[in-house]
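Just so you know, we're using numbering that gives the first Met the number 0 here: the sequence shown kicks off at 0 and counts up by one.
Okay, structure first, notes after.
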Amino acid sequence: MRYHNITHEDMLNGDGLRVVLWVAGCEHCCPECQNPVTWDPEGGLAFDKAAKEEIFGQLDKSYISGITFSGGDPLHPANKGDVRQLMKEIREKYPDKTIWLYTGDVWENLYRDSIMKYVDVCVDGEFEIAKKDVRLMWKGSSNQRVIDVQASLKQENPAVPVLHCPDYAPEDGVFQKGVTGCGE
Numbered sequence: 000m001r002y003h004n005i006t007h008e009d010m011l012n013g014d015g016l017r018v019v020l021w022v023a024g025c026e027h028c029c030p031e032c033q034n035p036v037t038w039d040p041e042g043g044l045a046f047d048k049a050a051k052e053e054i055f056g057q058l059d060k061s062y063i064s065g066i067t068f069s070g071g072d073p074l075h076p077a078n079k080g081d082v083r084q085l086m087k088e089i090r091e092k093y094p095d096k097t098i099w100l101y102t103g104d105v106w107e108n109l110y111r112d113s114i115m116k117y118v119d120v121c122v123d124g125e126f127e128i129a130k131k132d133v134r135l136m137w138k139g140s141s142n143q144r145v146i147d148v149q150a151s152l153k154q155e156n157p158a159v160p161v162l163h164c165p166d167y168a169p170e171d172g173v174f175q176k177g178v179t180g181c182g183e
């Protein structure tokens, strides 16, 4: 696996303060993507012991809510095995931290995948410029969904996703103040 960046204390890619791993490699190549530099699976840096230690150092902090995997696409074939292993280690070492996953794939293709047992929230779907809305919570376009993975998997029909939160913050200004309305 290769990556472009590890962001510390991020508030834009999931609930709470998070560490974000921006992986390299994406086959979706969405027009007007915010991160086209991450499309090349050979780009960026090799994910090594120092990168893992940097992530664990962030997760050791009590005020960090968890980790978000983004990119690129963490489920790109060049990433998936290493992402699964890292998620497994994080789940074992930090059982109270949440794991968010951004992917261009859709839930209907993902819910049977064993990697989902490690994921708390999945933001699915390709970014679609025609459906872009900057007021949306945790996603860039209205076709995308912010899915409560574990609640979805526990349903009688897990193919129908349970949403983690509404599309928009509960009232004007609340989202900017750090209150999301998600998970409540």
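Backbone N, C-alpha and C define an ideal beta-carbon position, used for all residues, glycine too.
Quantities reported herein were computed from a predicted structural model and do not represent experimental measurements.
Nearest to G124 by C-alpha distance, out of M115, E107, I114 and Y117, is E107. The shortest CA-to-CA distance from S113 to any of Q149, P94, V36 and S140 is the one to Q149. In terms of CA proximity to A129, C29 leads the group V22, C29 and L11. The secondary-structure analysis by DSSP pairs S69 across a beta bridge with W21. Annotation: K79 to A168 spans about 32 Å, alpha carbon to alpha carbon. In the pairwise beta carbon analysis, the region 129-139 is classified as not touching the region 153-160: fewer than three pairs are separated by under 8 Å.
Contact between A45 and R1 holds, since their C-beta atoms are separated by about 6 Å, short of 8 Å.
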